[in-house]
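Novice:
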Amino acid sequence: MVNDFISGLPEAFPESYECTWKSPSNIALVKYWGKREGQIPANPSISFTLDHCATTTTVKFKAKPDKGFDFQLLLEGSPQPSFHPKIGKFLERIASYMPFLESYSMDINTSNSFPHSSGIASSASGMSALALCLMSLEKFLFPEMDDAYFWRKASFLARLGSGSACRSLEGPLVSWGEHRNIPVSSDLYGTPYRGGMHPVFSGYQDTILLVDKGQKQVSSTVGHGLMHGHPFADARFSQAHHNLDELMKVLTAGDQDGFIRIVESEALTLHAMMMSSQPYFILMKPNTLEIINRIWKFREENTSKLCFTLDAGANVHLLYPASEKEEVLKFIEAELVGYCEHGQYICDRVGTGAKQL
Ligand code: DP6
1 MVNDFISGLP EAFPESYECT WKSPSNIALV KYWGKREGQI PANPSISFTL DHCATTTTVK
61 FKAKPDKGFD FQLLLEGSPQ PSFHPKIGKF LERIASYMPF LESYSMDINT SNSFPHSSGI
121 ASSASGMSAL ALCLMSLEKF LFPEMDDAYF WRKASFLARL GSGSACRSLE GPLVSWGEHR
181 NIPVSSDLYG TPYRGGMHPV FSGYQDTILL VDKGQKQVSS TVGHGLMHGH PFADARFSQA
241 HHNLDELMKV LTAGDQDGFI RIVESEALTL HAMMMSSQPY FILMKPNTLE IINRIWKFRE
301 ENTSKLCFTL DAGANVHLLY PASEKEEVLK FIEAELVGYC EHGQYICDRV GTGAKQL
């Protein structure tokens, strides 16, 4: 229930408070694409939490006599006015759940572990880190709060900043969106997946090939909107439910071939939705397709379990077991790095979630 997340006002407003959280990025295996009013996903999704790709955010709260939102934002130490509308909108969305927030000014200092303008979206890790800082203030004001509530509400708030951000708090697998076979699943927040994961998946690597580091032509938010009235929307949403059921079996059994089938199909379906919306668009680049074809050839010629997935962009995430690290890195250097902008790629792996510093 949404009302569970409305806090009261504290008896006193302490003068100041400061905290720092480091939140990871995540990569969806079953994709969230399409949402309803209030950041409610059209279908359930599940993601691997990453480890190295992360945002670190410090917020200094200072009590002020007047009410109203008041924040400054520094990204890598420099003012970032272009972020203000998004943060402002986020604060408005969460205002009724944190009525004490308008009595504090906030100095937000944020930085990403991955290069600026690498084409990697920082909204998931960024909104997660900010939501956790806000929850730390709430916990400071209401110390009796229990841990379960802390994490659930942090994910609930992160979702209101960016849908996929609600999957960027815990790890290694987080699902979001109601699903008949995931008892704790909710449209309002992400929850760590407790259905069992075969050890073969625990050390999974994610190497992100940076094919196009430019600004995306179409934002995810606009893309989600194009699922309204999309001719294949209903089929896609029920396919996501089915794929999540199948993926659960695959994760428990350690079935890597099944994993490849579902994950690659999800990535291509996501892009097929973009190509068949009105207006239609293509976010893959010729090099994205070159890389996909090379991966398929590599799998044909080797016993490899290497597979790919895509976000709403041209970059390619290579997913593979830790045991294949050496061979895959050789393959990337020999055959794929030429398709990356400035030969750049980022090596990451499955991680355990956000940390307070
Ligand atoms: C393709 O979470 O960025 O990465 O809720 O509008 O902020 P908003 O969208 P966002 O969408 C992410 C879409 C995706 C798939 C996924 O992560 O599940």
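So in my numbering, spot 317 of the sequence shown is number 317, and the numbers just go up one at a time.
Ideal Cβ placement from N, Cα and C applies to all residues, glycine included.
This one's a predicted model, so the numbers in the text were calculated from it and none came from an experiment.
1. Go ahead and pull the three-state DSSP assignment for Gly353.
2. Could you have a look at Lys297 and say whether DSSP puts it in helix, strand or coil?
3. For Ser323, which three-state DSSP category applies?
4. What do you get for Arg236, buried or exposed, if any count of 16 or more other CB atoms within 10 angstroms of its CB means buried?
5. So, helix, strand or coil for Glu18, using DSSP?
6. Helix, strand or coil: which one does DSSP assign to Phe114?
7. Is there at least one non-hydrogen atom of the ligand DP6 closer than 7 angstroms to the beta-carbon of His224?
8. Quick one: residues in its chain with C-beta nearer than 7 angstroms to the C-beta of His198, no 5 flanking neighbours on either side, listed in chain order?
9. Of the residues Leu134, Trp296, Trp21, Asn293, which one's Cα is nearest the Cα of Phe100?
10. Can you tell me which of His52, Trp151, Gly161, Ser23 puts its alpha carbon nearest to the alpha carbon of Phe90?
11. Looking only at its chain, what residues have a beta carbon closer than 6 angstroms to the beta carbon of Ser105, apart from the 5 residues adjacent to it on each side?
12. Where does Asp206 land, buried or exposed, given buried means 16+ other C-beta within 10 angstroms?
13. Do Phe156 and Tyr408 come within 8 angstroms of each other at the CB atom, strictly closer than that value?
14. Answer yes or no: the CB of Lys89 versus the heavy atoms of the ligand DP6, is any distance below 7 angstroms?
15. Taking only the alpha-carbon atoms, compute the straight-line gap between Glu15 and Arg152 and give it to the nearest angstrom.
16. In terms of residue numbering, what span does the alpha helix (DSSP H) encompassing Pro85 cover?
17. Do you know offhand how far Gln356's Cα is from Leu29's?
Specialist: Concretely, from the data shown:
1. In the three-state scheme derived from DSSP, where H, G and I count as helix and E and B as strand, Gly353 is classed as strand.
2. Secondary structure at Lys297: helix, using DSSP grouped into helix, strand and coil.
3. In this structure, Ser323 counts as helix in the three-state DSSP scheme.
4. Buried is the call here.
5. Glu18 falls in the strand class under three-state DSSP.
6. Phe114 carries a coil assignment under DSSP once its states are collapsed to helix, strand and coil.
7. Yes - the ligand DP6 has a heavy atom lying nearer than 7 angstroms to the Cβ of His224.
8. For His198, where only same-chain residues beyond five positions count, the Cβ hits under 7 angstroms are Leu251, Thr252, Ala253, Gly254.
9. The shortest Cα separation from Phe100 among Leu134, Trp296, Trp21, Asn293 belongs to Leu134.
10. When each option's Cα is compared against that of Phe90, the closest is Gly161.
11. So the qualifying residues of the chain are Lys62, Lys64, Asp70.
12. Of the residues assessed, Asp206 falls on the buried side of the cut-off, its CB having 16 or more other CB atoms within 10 angstroms.
13. What the structure shows of the chain is the stretch from 1 to 357, and residue 408 is not part of that stretch, so it cannot be assessed.
14. Answer for Lys89: no, Cβ out of range of the ligand DP6.
15. Using only the alpha carbons, I get a separation of about 27 angstroms.
16. That run of the alpha helix (DSSP H) goes 84-94.
17. Going by the C-alpha atoms only, they are around 26 angstroms apart.
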